[in-house]
Each structure stands twice: as structure tokens, then as C-alpha cells.
Amino acid sequence: MANNLNIEVSPLARVEGHGDLIINVKDKKIEKLMFRIPESPRFFEAMLVGRKHDEPSHITSRICGICSVAHTCASIKATEKAMGIKPSQQTIKLRKLIYHHENVQSNVLHVYFLAAPDFFGVGSVIPLIETHPEVVNIALRVKKMANDMVRIIGGRAVHPIRTVAGGFTKLPTEEEMIKMKEMLEACYPDLEKSLEILRTLKIPEFERKTEYISISDTSDYALYDGNIKSTDGWEIDDQNYLDKINEKVVQHSTAKHCWASRDAFMVGALARFNNNHDKLTDNAKKYTEELGLVAPCYNTFMNNIAQFVEIVHSVDDSIRLIDEILEDGLDEGKAMADIKPGAGRGVGVVEAPRGLLIHDYTYNDKGRVEKANMIIPTGMNYANIEKDMHALVSTILDKSEDEIRLACEMLIRAYDPCISCSTHFLKVKLINK
Amino acid sequence: MLYKVLDKGVYRDFVKALISEYEFIGPKKKDKSEHDFVLIKDISELDTNYMRTTIPPAKKILFPPNEQLVAYELGENINVRSVVESSKKILFGINAWDINGMNFLDEFFTTDFIDENYISKRKKLIVIGMDSEPTETNFSPSIGAEYAKDGFDIYLTELKNRYFVRIATPKGNEILEKYTKVNDAIAEDFKEYNKYMDNYRMKFKMSVDIKSFYDDFESIYDNGDFWKKIAKDCYSCGSCNLVCPTCFCFNVKDDIELNLKNGKKIREWDSCMIPEYGLVAGGHNFRPDKENRLKKRYRCKLKTFIDKFGKYACVGCGRCIEACLAKINIAEDINLVKKEVSI
Amino acid sequence: MNKPKVGVFGFTGCGGCQLEILNLEDQLLDLVNAIEIVHFTELVTEYSDTYEIALVEGSITTKHGVERIKKIGNIAKTIVAIGACAVTGGLNCLKNLYGPEKAKELVYGDKKDWIDSIEVKPIDAYVKVDYYARGCPPNRFEIVDIIRSLIVGRKPEIPNYPVCIECKRNGNTCVFELGITCMGPVSRAGCNSRCPNSVSGCEACRGVIDDPNVNAHKDLLSEYGLTVEDIMEGFNLYNACKGKTIEKRDK
Amino acid sequence: MGFEEKVKKNKNTIYVPDIARITRIEYLSPTEKVFKIVFDDEEIKNKFEFKPGQFVELTVFGLGEAPFSIVSNPTNKDFFKLCIRNVGNISSALHRMVEGTKIGIRGPFGNGYFPCQKMKNHNVLLIAGGLGIAPLMSLIRYILHYREDYKEIMVVYGAVNPGSILFKNEIQYWSNRGDISLCLSVDNPDNKWTGEIGVCTKLIPRVDFPSNDTYITVCGPPIMYRYVIDELEKKKFKPENIYLSLERRMECGVGKCNHCHIGDKLVCVDGPVFNLWEIRNLKEAL
Ligand SMILES: Cc1cc2nc3c(=O)[nH]c(=O)nc-3n(C[C@H](O)[C@H](O)[C@H](O)COP(=O)(O)OP(=O)(O)OC[C@H]3O[C@@H](n4cnc5c(N)ncnc54)[C@H](O)[C@@H]3O)c2cc1C
Ligand code: SF4
Ligand code: SF4
Ligand code: SF4
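If you read the protein sequences in the order shown, they are chains W, Z, R and G. Start counting the first sequence at 4; every next residue gets the next number (our numbering). Start counting the second sequence at 108; every next residue gets the next number (our numbering). Start counting the third sequence at 118; every next residue gets the next number (our numbering). Start counting the fourth sequence at 515; every next residue gets the next number (our numbering).
In C-alpha cells form, the structure reads like this:
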């Protein structure tokens, strides 16, 4: 039982990037709770200034290696909007396809490699190789499938090459499309097996109602394109994100905090599920039922489950997309749209694996970037993480220090925070009280 | 050599039959500027009306850019064995100079020591030749390589309503008999064929004065300024070597798996134009300058094998000229050597 | 043979290099078997300060980073820089082009003084680097090859020839033929020419070869309508920190 | 049985090494060791024959292959020996090895070797610089084996310093024999050194063998050759009687990889030993 508690976890492992967590409890009261990101600032917004229209997608891809496809797509969409470039339907379908598989590979990495060890009570995936080889092997197979999909469509798994403003520099061949379909179909047994394993896991009980924001579309379980939608009942066009989403530097805290209708909101798989669950494929819906994921869900820990359900959805939907593309026939003529570099402003909004991602560029009349702003998912979740943590810690103060530490780490990990995306996180100044 | 004619009306069925019966490698359009020789599954993919290919078709199949030579397992006893790939293939639509390039490689890989990795693939390769359009940089008539007199099983030359068929091997004859119907060529056919060849030879725009190169080259060999000027823009990028139908240099690498048990030796195309080529252990480099390396390449292409096989290691295809971003031009340089010596 | 103890460390970068290690898939289990991973924040919680080999991702951009990399330099026997950020400074160096103060201001406005940010440098500005796994992202097979070489006791072979060689081995149509410019003739191979494979010009993310023919390349690029600034911008994308060496070669 | 016959008989390719063991390792100097090598397979062992000047390709499994000259006497049939300087990947791996380790061997290679038959009934002058003594060792040992077939024999050997003189015991034994003259020289003497000082080329003018009755063999680092040849020419030795062993990068040893191409010849199949007449025609050789 902890009256006074001093937890410091640094660096917080198994989140992609680096984060530190500091909790001070005195007389059973939380005095200080801080989740900070000492990752060094990257200055991407500055780097973009003056760049030609074909460069931002390559540059911003380097914001984050884990969600480089998301950054690439958000960037391309912003540029295309700004210059009135109209990619073909074929391009959009292929983008959706590559998009699915970055999401799958990222979700696999998170669910199986980063979060699973907590549930199995081991320190990391390495002992898991000994204790639960079947989990590791499934993870490696599904991850390879997803990476190979990205490799085939994008040219490589990290920082894709072929996806550019206007379309694709090179299309996959018909044989490759067929091969991809086979690869997708081959992974169903592994999904089934995963379901059995996941069903046995005990997801911590925890609830805190908050606002969930994601993009949303009338026909798709939106990842690549859609309006911005909130569980608090509003929906706006993605170009107008500034109408609802606010960013500010909070003195006492550590990063630019974001808020919309309330003081904090959550983005990511759970937000997408809460907003768009009815667009999941029937098969994926079956998995949600089996795993007890019901919308609206306010348990942050269920984010892991939502991520898994998305894997199933992405596999189903990819097969549909491939069938459609094959039916229409791949057309080199539609690979690239016409581009006339010029002035304009455009906003590209997508769902990165970790949630809403916004790129906002203004080009001058020479077709060079004049101003750029990017809002990344971990930045949006920041405030919500701290709020969740407050709520969680106050309910478990009677547990041992180790248990509290683990619970907190698991909670942060449930967000799958990709801190390397710190386009503009401030380094914390510790406030001595 | 047997001379026959094949009616255009049955040509497609003949090719279709070959595609369905064999592993069939033929030219397919790759992008707006090039074709590539790939596995053809349907006749609609085949496009024999091609001009440029980056990698020469025969080299691509018989001496691929990466090839495993040896496999081994380490342990109490070391088990080593050769790895030789060979499967029956048809190479369809290869042109005369590329056949001559292959003929060179055939001779090279069987001289001094027999290279099973090459020759076992060669033995199983059925070659059906066909003329293709020369590029502007092609100077094969000067070398005598615009016409293939051997190396193929069948050579098809497209005349007005028929193909003039030259059959060089019993295998070629067998295939024609089995999959189509040909007639003996008569005087009329020969006449038209001759006319065709005369016209075809007119299409080559570039010519080189190679006759006296053998001695001229030696006389200008030590003229440093001459070679420096020629090689000034060379990137040492090796493109000229890798696209050449007769270049055969390779490195051998040992590759062991992370389990430190299973390993292999692989060979990989190398280039005599990169600095590492002449580097030996201890750091001494026998050819540190790009002009030395360029001289070496020209020597190898145009002189060495005159002594050895009585032929050039160049068929005049012009690929190296097109591949060279520094615009180094073997044909112009041959003429330049002649000019420099005669003034 | 003893399993070497390996630490994987991240500095300022995108995490993609570490991800490429996880993306080894088929070889990952063998790798984890062949070495003992004692530090890898993206993957494992436990960490230790005894290791022989350090794989370091990212550039050094903060004072804190300088301290950390020096500490790693004191512990590790062998340091392998992985990825463009660690090797050349990579994209991060674009920041230097503005000067650190200006860059801070552009992004953080009046809060710029809160930021610990110094001139971006590759890690070999602070510690001796034994091997370089170049590229953005690095070639994961090259990382394995370096580790394997260290295990069997040979020097890893890192190509010092231009990308064109690999590009030709792959049978690509040169992108110049298609009207696209490419840094391949002066850039270091080892990536399996992955950009030209995708009909996209090489961006020199692995840096340039030891003796690039820069003048010839400037001539060539200007034939394709690029201005000197465009060309420098191209060279600089991943090599701004090493940019001076490129300019110096110019006559 | 030549390498090629063996390949055919075993239905192998020219790239497959035979397995052999390092049975003894002798320390010569801080950078050189001699490795005694025995084939695993009895038949291969019995049929392995080589001529002085020939070399083998040695595989260290997992690392790669490199060419090394054979230093032992061709009349020894049970084993052969290599003298290896620690300069790079393969050589340093060999230097770390213990007796009993298995390696791979291909060869012997080289159609150009020291013509020990032709040399019979003539004087023989052997000139070596540094590690260049290695390829000559095999020849010297052979000649001494059939000493009565040859006339005068002289070894001129230059090393960097007294510590880097290789095969000291054997040289000691030669000087005791009395039927072979020896000129040793070092660039950097220590205070115990009583012999010649400076590069070994300086010793050549003192050789008084008749120019038409002498065979000469030379092996050493690349820079040495030009000076040696100048001196030999001054003495009017015939170019066709002067034999030099060349080193080039080799990836295959069987005339395929072309890395050792000089002039119009390949060092691996046409050499590594060439006479001076041939070398004159090879422009780039020196
Ligand atoms: C005919 C002949 C006889 C020889 N006899 C002897 C002898 O008796 N004793 C002796 O000690 N040495 C001898 N050598 C030299 C010996 O072959 C080299 O010292 C040996 O190759 C060193 O191998 P390594 O792996 O230790 O060196 P490394 O430098 O690691 O070279 C390994 C191999 O790669 C090649 N190589 C070198 N640099 C590069 C590069 N940058 N890129 C790619 N490949 C490269 C080398 O040619 C070598 O084949 C002989 C050489 C020849 C040609
Ligand atoms: S000649 Fe041309 S193609 Fe050949 S290495 Fe030089 S620059 Fe490259
Ligand atoms: S040297 Fe050039 S022209 Fe001659 S065959 Fe080779 S690529 Fe063709
Ligand atoms: S595309 Fe680039 S790398 Fe490939 S050959 Fe052309 S210039 Fe070289």
C-alpha cells in the first residue's frame, strides 16, 4: 500500500520512441503526474519551407518510420489539394491498399510484440520466443505479409518510394496483385489462432469517458479519406480541421496540447472503432463480438483489441480492393495524374495507425512550400493520456509500487504512442514544487 | 544449315505451341523506351518488334547477375556441393549480334576450364533468332556481328508473307517438324532474303574503323593525355560493362547464414571500371586511375580475344554507348585512335 | 563462439532503422539467437550497460544526446552507425541550413528558448564509428551482414561503387531515359538500387562514393534543366552535414 | 591428376573446393605463419601434384577464398604448405585458427610456373623481396632435393628488418650446406645485424654468373620488379631466362573472373610466373 510513491520510468521501453513517466504521490494524493517526451525536436515544418512540390512526401515520411505510409499519404493529399491534382480511382484504390498494410504491420507490431508481453507476464518479446513461440511465429508471419504488401506496392516497407503526388511512379504487375491476394488469404488461419489466444487474455477493467475523434466515410471504414468526426456529435470537412481542433502550448505541461469539444480527446484504433464500427466487414464484426468489443467503448485498454480487429478488417477489405483493381485491369495510363505546380493551400487528413494525422501546406506561386503545419496523433492523445493516468492511478493506489508502475506503463502502451513523431514536442522542464 | 520458309499464316500457332510447351523467354515491352526478355505466358505479351534491351537476353539467362555456385554445411564434417541450375528453355527473338555475343561467352566459358554453371544452362537452351531494329549507336556490321552464322537452332527472317528460316541444328529441325509446317526454300526465297539483308544492313548508321586497331592501340597506349581526355567524364559506374553482351567479370562471395552452419558461394557481376577491381590485399591498386581502367576495357573488348579466339569481345551492339551517362563512346574512340595515329 | 552483447540505441531519427531490424521477419529469430540483445527500447524493457556492439540510429541534435553518445562510445567496442541520420546526419541536417536559431523560431515561435537543440551532426562527429549501414532507411540485410561479419570475424563489405552497378544488375531502364534525374552515378550502392527499381531517381541517401565525378554529374544534370541550386538541393537532401566535402571537390 | 581431371571425375564444378585440414601451424614472424595442409580424402591427397610457382585457392568457410602460393617441396606427396601473411579477412582468420581446423582447397593452379626442368644443368639465381620468398621456397627446396642436376645456385633475399626474415632455420641450414650461396640484406638493421644493409637490388651487380648459362627467378612486392630488372639487364641476362611471379586480385583462379587480366593474359591461367619476354608484351605488368 502506497502512501508516498515516487515512480520514474525512463526511458519507457516498448513504445516506439522515447517517453518518460513521472508520478509523485504524497499522502495518497497525486502531487505530480507527468508523461514527458524528451525526444529531441525535429523541425520538419521548417525543413519543408522552400521545397518543391515533389519533395514534402519524401521528407515528411521521415517523421516516423513506423507510420511512414501515413505521413506520405497525408502529405500527398495536402499537395494534391493545394494544386488541384486529381489522382485516378486506380491510384486511390492502390493507396488504400498500401495504407491497410502499414496499419496491419503497425498493429501487429504493437499487439504482439509490444503489448502482448505484458499480458503474458514477460519482460519483452524475446522471452516470449521461448514461452509462447506460436504467438511470435504468427506475429512474424502476419507482419511479413503486411510488409511484403507495402514492399510490392510502395517499393519498400519503410519510407515508400512509388507513392508520390499524382499517383504511382510504378505500378505493381498483375502477377504481383494475384500473389498479394494469395498472401492475404493465407493469413486467415493465423487470425483465427490469434483470436483464440486473445480470448484468453484478461483486459484490465478501466473506464473513462472522453471524446473520440477519427475520420469517417459513408462507405468505408475510413483510414485514407473522410470527414473528421467526433463521438460528441459533430462532423466537419477535413479542410476545415481548424474549426474544431485546437492546439496550444500549455505552460505547465510538456507539449502542444490539443482539444476539441472538451479538454482532451482520444484518437487511434478505439476512436475509429467507436465512430465507424458499422463499416467493418462482417468477418471483422464477428471478431469484435467474440472479443467483447462493443461500441461505444470507453476502456482505453481495449485499444489493443480494436487494433486487432482492424487487422482482420484490413485483410478482408484488401482482398475486395484487389479483386476490384484486377477486374478493372491495371492501366499504366492512369498511374500518374497531370501536375501543374502552383500556389494554393491544402490539407491532407488520414488515419495513421495511431490516429488522426493532419498535414497542412501552403504553396507559393513557384510551387514551393511557404508554410507547413503538421499535427500528429500522439500529440493529440497527449492530454488524454495524462487524464487517463490520473483516473487510473487514483483507483489503484492501494496496489504495490511495481503493480502501479506496470499498470501505468500498460496504459501508455495501450495508446501505442509513436513518440518519434514528435514534430513539435517540447522538452519538459521539470517543475520543482 | 537447312533453308526453309514458314508461312505467316501458321506463325502464330507455331509460337503459341512453343509457349505452351516450353519455358518460353521472349521480348516484352517494359516501358516507353525499352523491352525486356522475360518469361512469356501468353502470345499477347510477346513483342518481337523491339529495339532496345538493357541487359542482353542470353547473358541474363546463362550468366545471371547473381548466381549460386556452391552450397555447404558446416559441422563435424563439412559437406560441400556444387549448385548447377539447368532447365530447358526457349530463347525466342534474340537478334544476330546478341547471338554472336552469346557465341563469345560460349567460347569463353569453355576455354581453359569448363564452367558448368554456364554451360549446363547453355546446353539446354533452344535459341530461335530474329532480327531486330538497330539503335543509332549500333555498329555491329563493322565488327561483322549483324549476321549470325551459328549459335542458334532456328533463325527467322521476316519477309513479305513468309519467314525465311535458317535451321542450324537437328534440334531446330525437330521443333519445326513437330510444331508447324515448313517448306524448302527455293531460289525466289533466297533472292528476297538477300534483298532483305542488303536493306537491313543499310539501317546501321554507325561504323568504325577497326581494321588497324590491333597495332594502333599499342602505339597510342602510353599517350596519357589522349586517354585522360577520353576518360575525363567517366563516373567509374560500370554501366558499360554490365549491359555488355560479352562482359563476364564477376566476384565470388561467401555467404553464411546467421546459424553459422549453412553457407553458399555466389558470384555476382563485377565491373572493370570501378577502382576496387584492381585492388589487392594490403591496399595496392594496380589500376587506380579511370583512364587506366578505360584502356583496360578497350583492350579486353577489342584486342585480347583476337589473340585468344580470333574474334573481338565486342559485337558492336552499342549498349555501352547508350548506357554511358558520361557519353563515352567506344565507336567514336576506335575512330579517334585511328585518327590520332594517322596524324 | 560467444554471443556478442548488442545494444540498439536511438537518437534523433524516425525509428525506421530500428523498425527495419524488426522487419527482418525471416531472419529475426536467427538474429536473436546469434546475438544477445541487451538494450533495444523499441522492443525490450530490460536494459543493461554492458555491451560490445552498439547499433546507433539517429543524429546528435541535443546536448543531452552528446553526453549519451559519448557514454556509448566509452562502453562499446564496436560502433555501427545505422541509417542516414547516424551516418551523414541525414535529413535532419536540413535544419542546419537555416541555422539552429531560425529553425527554432519557425516552429516554436516565442517559446523557442525552451528547446535544447544544437547543430545537427552525424554520430562520427563525437565517437569513432567502425562501420556504416547507410541509407534511409538502411538496408536490413546489410545490417545483418555487418552483424554476421562481426561474429565470424571479417570486415563487412560495404560497396564503394555507384548505384548504377546495382541498377544494371537489376536490369532497370535508366531513369534518365525516362526524363527523370538520378544521383545514382555518384551515390554509394548497397541499397539494391531500390529507388530506380521503382522508377524514381536515386536521392543519395547512402552518401556519395569516395571519389565521385561531381563535375561530370553537374554537367549532366544541367542538361536536364537543373540549376546549380537544384543540384545542390539534391545533393543536400541527405548530405547537408557532409555538403562541404561535396562542394570542396568542385574545382 | 590435374585439377580439371579431378573435377570431371567427381562430376563437380570448378568452383567446389576439396576439404582439407590444417595439421600444423608454424610461427615465422609476427605477421607470417606456415600452414601444413592435408586433404581429408586419401585419393585426392595421393594424386595432388604441383610444380614450384603454382598456387591454390584456399576457402575459409563463411569468409571467402584467396590465392596462396605453395611453399613446400613438390616431392612431398602427403601434404603441402602455405606461408601466409596476416593482411586481411581470410589471412587473419587463418592466423586465428588452431591445428585441426578444416578448410577448402582448389587447385593447384597456374600454367606458368618456375621451369625447374629447363633450369637443369644451368646456374640459378633466385631473387626475393619480403614475402616474395614464399613462392620461391618451393623451387629452392626442389632444387636442393636434386642438387646435383644444377650448377651454381644463389639466393638474394631482402627483408625490411632482421625480425621479418622468413624461414630463418632453413636459411641457416642452407648456409651450412655450402653448396648454395646466400646474400641477405635488410633495410633497417638492428645492432646485432652483420649482413648487408639496403635494398636487395644492390646485391645484383655482384653476381658473376655467365649471362647465357643462368636462369633467374624473381618474386617480391610490385615496386621491386622494375629495379631488379634494370640491374639484370645491365648484366645482359636473357629476358626469356628471367622468370617473375606476379600478384593480382583473383576471385576464381580458373581464368573466368578476369580480375587478374593484364595485357592480353590472365595471371591465374597464363601465370602467375611469366618470363621477362612475355612481360614486356604485357604493357601493364610492372
Ligand atoms: C598467385 C598469388 C599467390 C599468392 N601467394 C601468397 C602467399 O604465398 N602468401 C601470402 O601471404 N599471400 C599470397 N598472395 C596474396 C594473397 O592472395 C592475399 O594476401 C590474400 O588475398 C589476402 O586475403 P585476405 O582475405 O586476407 O585479404 P582481403 O584484403 O580481406 O581480401 C580478400 C579478397 O578480396 C579481394 N579484395 C581485396 N580488396 C577488395 C575490395 N576492396 N573489394 C573486394 N574485394 C577485395 C582480394 O583480392 C582477395 O581476393 C598471393 C596472391 C596471388 C595472386
Ligand atoms: S565509361 Fe561510362 S558507363 Fe562506363 S564506367 Fe565510365 S561513365 Fe560508367
Ligand atoms: S563493348 Fe559496347 S558495343 Fe561492344 S558489345 Fe559490349 S556493349 Fe556492345
Ligand atoms: S537509373 Fe540512376 S542508378 Fe540506374 S543506371 Fe540510371 S543513373 Fe544509374
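Glycine included, C-beta positions come from ideal geometry on N, C-alpha and C.
Cβ atoms of residue j and residue i: under 8 Å apart, would you say?
{"i": "ASP328 of chain R", "j": "PRO134 of chain Z", "result": "no"}
{"i": "LYS49 of chain Z", "j": "VAL117 of chain Z", "result": "Lying outside 108 to 450, the shown extent of chain Z, residue 49 of chain Z is not represented and no answer is given."}
{"i": "LEU112 of chain W", "j": "LYS146 of chain W", "result": "yes"}
{"i": "LYS231 of chain W", "j": "VAL139 of chain W", "result": "Residue identity check: residue 231 of chain W is Ile in the sequence provided, not Lys. No."}
{"i": "PHE311 of chain Z", "j": "PHE355 of chain Z", "result": "no"}
{"i": "CYS358 of chain R", "j": "GLY206 of chain R", "result": "yes"}
{"i": "ASN224 of chain Z", "j": "VAL272 of chain Z", "result": "no"}
{"i": "TYR364 of chain W", "j": "ALA375 of chain W", "result": "yes"}
{"i": "LEU194 of chain W", "j": "ILE314 of chain W", "result": "yes"}
{"i": "LEU232 of chain Z", "j": "ILE168 of chain Z", "result": "yes"}
{"i": "PRO649 of chain G", "j": "CYS782 of chain G", "result": "no"}
{"i": "GLY358 of chain W", "j": "ALA274 of chain W", "result": "yes"}
{"i": "SER60 of chain W", "j": "ALA168 of chain W", "result": "yes"}
{"i": "ALA417 of chain W", "j": "THR303 of chain W", "result": "yes"}
{"i": "ASN2 of chain W", "j": "THR213 of chain W", "result": "The structure shown does not extend to residue 2 of chain W, since chain W is modelled only from 4 to 436, so the question has no answer here."}
{"i": "PRO163 of chain Z", "j": "ASP205 of chain Z", "result": "yes"}
{"i": "PRO273 of chain R", "j": "ARG305 of chain R", "result": "no"}
{"i": "ILE441 of chain Z", "j": "VAL350 of chain Z", "result": "no"}
Count the other C-beta atoms from every protein chain shown that fall within 10 angstroms of the C-beta of residue i, then say buried if there are 16 or more, exposed otherwise.
{"i": "ALA338 of chain Z", "result": "buried"}
{"i": "TYR290 of chain W", "result": "buried"}
{"i": "GLY261 of chain R", "result": "Here the sequence assigns Val to residue 261 of chain R, which means Gly is not the residue at that position. Buried: at least 16 other Cβ atoms inside 10 Å."}
{"i": "ILE363 of chain R", "result": "With a pLDDT of 43 at ILE363 of chain R, under the threshold of 50, the modelled position of that residue is not reliable, and no figure is offered here."}
{"i": "ASP222 of chain Z", "result": "buried"}
{"i": "ASN451 of chain Z", "result": "The requested residue 451 of chain Z is not part of the displayed model; chain Z covers only 108 to 450."}
{"i": "HIS255 of chain W", "result": "With a pLDDT of only 43 at HIS255 of chain W, under the threshold of 50, the placement of this residue in the model should not be trusted, and no figure is reported."}
{"i": "LEU283 of chain W", "result": "buried"}
{"i": "GLY578 of chain G", "result": "buried"}
{"i": "LYS372 of chain Z", "result": "buried"}
{"i": "MET108 of chain Z", "result": "exposed"}
{"i": "GLY614 of chain G", "result": "exposed"}
{"i": "LEU329 of chain W", "result": "exposed"}
{"i": "LEU414 of chain W", "result": "buried"}
{"i": "GLY618 of chain G", "result": "buried"}
{"i": "GLN310 of chain W", "result": "buried"}
Please list the partners that residue i has in chain C, where partner means a Cβ-to-Cβ separation under 7 Å.
{"i": "GLU294 of chain R", "result": "The question asks about chain C, but that chain is absent: this structure's protein chains are W, Z, R and G."}
Problem set entry | Distance cut 5 Å, beta-carbon to ligand 2 heavy atom: residue list by chain order | The set of residues with a C-beta under 5 Å from any non-hydrogen atom of ligand 2 comprises Z:CYS341, Z:TYR342, Z:CYS344, Z:SER346, Z:CYS347, Z:MET380, Z:CYS431, Z:ALA433 and Z:ILE435, given in chain order.
Exercise. The region 137–150 of chain R: which residues have C-beta closer than 8 Å to a C-beta of chain W, in chain order?
Worked result: Answer set for the region 137–150 of chain R: GLU137, LEU139, ASN140, GLU142, ASP143, LEU145, LEU146 and VAL149.
For this session: With 9 Å as the C-beta to C-beta threshold (strictly closer), list the residues of the region 59–70 of chain W near chain R in chain order.
Result: Answer set for the region 59–70 of chain W: HIS61, ILE62, SER64, ARG65, ILE66, CYS67, GLY68 and ILE69.
Exercise. Listed from N- to C-terminal order along the chain, which residues in the region 386–417 of chain Z have their beta-carbon within a distance smaller than 8 Å of any beta-carbon of chain G?
Worked result: Correct list: LEU386, VAL387, ALA388, GLY389, HIS391, PHE393, ARG394, ASN399, LYS403, ARG406, CYS407, LYS410, THR411, ASP414 and LYS415.
Exercise. Residues in the region 600–633 of chain G with C-beta within 9 Å of chain R's C-beta atoms, listed in sequence order?
Worked result: For the region 600–633 of chain G, which is checked against every Cβ of chain R, the residues closer than 9 Å are GLY602, ASN603, ILE604, SER606, ALA607 and ARG610.
Problem set entry | the region 573–595 of chain G: positions lying closer than 7 Å to chain R by Cβ | Along the region 573–595 of chain G, going in chain order, the ones with a CB nearer than 7 Å to a CB of chain R are GLY576 and LEU577.
Exercise. Just by C-beta distance, which residues in the region 760–784 of chain G are closer than 7 Å to chain Z?
Worked result: Those residues of the region 760–784 of chain G that come within reach of chain Z (Cβ to Cβ, closer than 7 Å) are GLU761, ARG762, ARG763, GLU765, CYS766, VAL768, GLY769, LYS770, CYS771, ASN772, HIS773, HIS775, ASP778 and VAL783.
For this session: Taking only beta carbons into account, state which residues of the region 270–297 of chain R come closer than 7 Å to chain G, listed in chain order.
Result: Answer in chain order: GLY270, ARG271 and LYS272.
For this session: Kindly provide the ranges of any beta strand (DSSP E) runs that are 3 or more residues long and lie completely inside the region 116–157 of chain Z, ordered along the chain.
Result: Counting whole runs of 3 or more residues, the region 116–157 of chain Z contains the beta strand (DSSP E) stretches 130–136 and 142–146.
For this session: May I ask you to list, following chain order, the residues of the region 515–526 of chain G that have a beta carbon less than 9 Å from some beta carbon of chain Z?
Result: Cβ contacts with chain Z come from PHE517, GLU518, VAL521, LYS522, LYS525 and ASN526.
Problem set entry | Runs of alpha helix (DSSP H) wholly within the region 678–722 of chain G (minimum 4 residues, chain order) | Within the region 678–722 of chain G, the complete alpha helix (DSSP H) runs of at least 4 residues are 682–691.
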